[in-house]
Amino acid sequence: MTVRRLLLPLPLLLVLGACGDDAGNGDDTAGGADGGDAGLQVIASFYPLQWLTEQVAGEHAEVTMLTSPGADPHDLELTPQAVGSVGSADLVVYSAGMQAAVDDAVSSQAQDSSLDVAPSADLLTAEEEGHEGESEEEHAEHDHGPEDPHFWLDPVRYGQVGEVIAERLGELDPEHAEDYTANAADVVAELGALDEELSTGLATCESRDLVTTHEAFGYLAARYDLHQMGITGISPESEPSPARLAEVSSQVEELGVSTVYAEPILTDAIASTIARETGTTVLTLDPLEGLTDASAGEDYLEVMRANLDSLRDGLGCS
């Protein structure tokens with residue numbers, strides 16, 4: 007079950023709404039089960055939450071997105087109009103710690119009409135991603151650092167979040183609660199099929215070392231027994247020092263890594279630098295923080311399957 011709609015980011019909707027008498031008017035919005043009823047008005051903070059919320063809500067909600075396509079969600083800044091819209095929405099779906107501007111807007115405008123999905127995603131730190139399965143005593147010995155927000159790259163965790171979204175939508179709209187539950191079950195099944203494809207496709211590979219521009223793929227690596235080596239940390243804004251570039255280049259050569267992965271919405275300069283130093287190939291791996299014309303698919307599922315193809319190519323999987 008994949009619902010596809012042309013969804014404009016909320017900042018653009020606000021601009022369009024100022025350009026015409028009827029633009030952005032809820033009475034003219036398609037959606038809802040009863041013809042003229044627009045249903046719930048839901049705001050999702052960035053693409054993975056928009057896509058998942060859209061799948062679960064189906065026809066019973068109008069979902070808009072705060073982050074424009076192609077923009078780095080970590081750097082999001084909100085206009086006063088966008089902040090106001092957060093306060094008027096029936097529900098704001100966000101992940102605390104991912105976007106500071108959204109956290110602030112929810113705190114001031116939507117404390118009682120928001121859903122923070124981070125707890126249901128069971129977020130890990132970058133350190134914990136390499137230590138899943140250890141005892142509590144072993145776990146306590148590590149300085150775990152900041153949490154990794156990129157949970158949607160693990161289809162199993164992503165499905166857990168879908169079920170929580172369905173529960174909250176059902177509380178807001180009891181008349182359609184069964185539909186939300188059924189839609190969530192459908193998307194969990196789709197994500198389960200994707201998980202099986204990834205597990206099978208990455209089961210036997212010449213290399214399990216995943217060298218990426220920034221550490222966005224820890225959940226994917228933990229789920230499918232890969233070892234992520236980020237040139238920068240969890241934040242894509244951090245610039246690697248010459249010492250870090252030299253360190254990664256040395257590790258790439260020692261491990262016999264053949265591929266360095268760049269991202270479609272970030273410059274590939276960092277990955278290309280490592281590739282030049284080590285004679286490796288640069289391929290694309292999409293963290294799916296947003297879709298652009300450069301994305302290798304039209305939605306989450308298509309891009310994740312393109313990621314699988316890229317991983318199989320770069321890691322030498324059979």
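Mapped onto my numbering, the consecutive letters of the sequence shown carry residue numbers 7 to 324.
Glycine included, C-beta positions come from ideal geometry on N, C-alpha and C.
| Query | Result |
| --- | --- |
| Close beta carbons around residue 300, own chain, < 7 Å, minus the five adjacent residues each side | 270 |
| Pick from 65, 66 and 105 that is closest to residue 82, judged by C-alpha positions | 105 |
| Cutoff 7 Å; reference residue 75; Cβ partners in own chain excluding five residues on either side | 15, 296, 297 and 298 |
| Beta-carbon proximity list for residue 322, same chain, < 8 Å, skipping 5 on both sides | 211, 212, 213 and 264 |
| Residue burial classification, residue 180 (beta-carbon count within 10 angstroms, cutoff 16) | exposed |
| Same chain, Cβ closer than 7 Å to residue 108, five either side skipped, listed in chain order | 51, 72, 82 and 100 |
| For residue 63, the nearest candidate out of 293, 117 and 183 (CA to CA) | 183 |
| Nearest-angstrom beta carbon gap, residue 95 and residue 119 [assumed within contact, 8 Å] | 7 Å |
| Every unbroken alpha helix (DSSP H) within the region 229 to 293, with a cutoff of 4 residues, ordered by chain | 248 to 261 and 275 to 284 |
| Cβ pair residue 193, residue 168 closer than 8 Å | yes |
| DSSP state of residue 23 mapped onto helix, strand, coil | Bear in mind that a pLDDT of 41 at residue 23, under 50, signals an unreliable position, so the model cannot answer this. |
| C-alpha distance - residue 88 paired with residue 259, whole-angstrom precision | 48 Å |
| Own chain, CB closer than 8 Å to residue 311, minus 5 neighbours either side, in chain order | 200, 203 and 303 |
| When 162, 126, 112 and 252 are compared against residue 238, the one with the closest alpha-carbon | 252 |
| Span separating the alpha-carbon of residue 86 from that of residue 189 | 34 Å |
| Own chain partners of residue 92 with C-beta closer than 7 Å, once the 5 adjacent residues on each side are dropped | 49, 98, 111, 112, 115 and 116 |
| Proximity to residue 154 [Cα-Cα], best of 127, 287 and 267 | 127 |
| Where the beta strand (DSSP E) through residue 68 begins and ends | 67 to 71 |
| CA nearest to the CA of residue 158, picked from 224, 77 and 236 | 224 |
| CB contact flag (residue 288, residue 268, <8 Å) | yes |
| Secondary structure of residue 48, DSSP reduced to three states | strand |
| Between the CA atoms of residue 220 and residue 178 - distance to the nearest angstrom | 38 Å |
| As assigned by DSSP and simplified to three states, the class of residue 97 | strand |
| Distance between residue 245 and residue 80 (C-alpha atoms, nearest Å) | 15 Å |
| Identified DSSP bridge partners for residue 216 | 234 |
| Straight-line Cα distance separating residue 254 from residue 58 | 35 Å |
| Spatial distance of residue 316 from residue 309 (CA atoms) | 10 Å |
| Residues near residue 102 in its chain [Cβ-Cβ closer than 6 Å; skip 5 each side] | 109, 122 and 124 |
| Proximity below 8 Å, CB of residue 314 to CB of residue 236 | no |
| Alpha-carbon spacing of residue 324 relative to residue 209, whole angstroms | 8 Å |
| Span of the alpha helix (DSSP H) around residue 316 | 306 to 321 |
| Other residues of its chain near residue 319: CB distance less than 7 Å, five sequence neighbours each side excluded | 289 |
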